[in-house]
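Residues in the sequence shown are numbered from 941 upward in steps of one, following our numbering. Glycine included, each C-beta is placed from N, C-alpha and C at the ideal position. Working notes for the structure below.
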Amino acid sequence: MKPPICEVCSKRMGENDECKLLYFKKGPNDLKWDKKASKLGFTGHPPYAAWFCPKHLEKAQNLTHLTLPEAIRILKKDFG
Ligand SMILES: [Zn+2]
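Listed below in structure tokens is the structure:
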């Protein structure tokens, strides 16, 4: 797992922060990653999962029907 760093603002979060790991829609590369991960039996940080700080969490939660790059593009534009 990646350390909890907000995908939008790069804020590093500690144990007491209300940060959360969200899972987004999987694109073709993400499905490939899943296949490889289950075959090799490793549990890494999936490319379709990302951490968010409390400030960006609520908005990000409404975008999990998108792939991660799409969601990040919208979030960065909104919070730009
Ligand atoms: Zn943030």
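Beta-ladder partner(s) of residue i, from DSSP
i: Tyr-988; result: In the DSSP output, where bridge partners are listed per residue, Tyr-988 has none listed.
i: Arg-952; result: Ile-945
i: Lys-960; result: Phe-992
i: Thr-983; result: Answer by DSSP bridge pairing: none, since Thr-983 is not bridged.
i: Lys-965; result: Thr-1007
Beta-carbon proximity list for residue i, same chain, < 8 Å, skipping 5 on both sides
i: Ile-1012; result: Glu-947, Val-948 and Ala-990
i: Asp-1018; result: Lys-999
i: Tyr-963; result: Pro-986, Tyr-988, Ala-989 and Thr-1004
C-beta atoms of residue i and residue j nearer than 9 Å
i: Ala-977; j: Pro-986; result: yes
i: Pro-943; j: Leu-961; result: no
i: Leu-997; j: Cys-959; result: yes
i: Asp-974; j: Lys-966; result: yes
Residues of its chain near residue i, where Cβ-Cβ distance is below 7 Å and the 5 sequence neighbours each way are ignored
i: Gly-981; result: none
i: Gln-1001; result: Leu-962
i: Gly-984; result: Ala-977
**Message:** Any contact between the segment 951-958 and the segment 1003-1014? By contact I mean 3 or more CB pairs, one from each, below 8 Å.
**Reply:** The segment 951-958, when compared against the segment 1003-1014, does not touch it at the 8 Å Cβ threshold.
**Beta carbon shell of ligand 1 at less than 7 Å from a heavy atom** = Qualifying residues come out as Cys-946, Val-948, Cys-949, Lys-951, Phe-992, Cys-993, Lys-995 and His-996.
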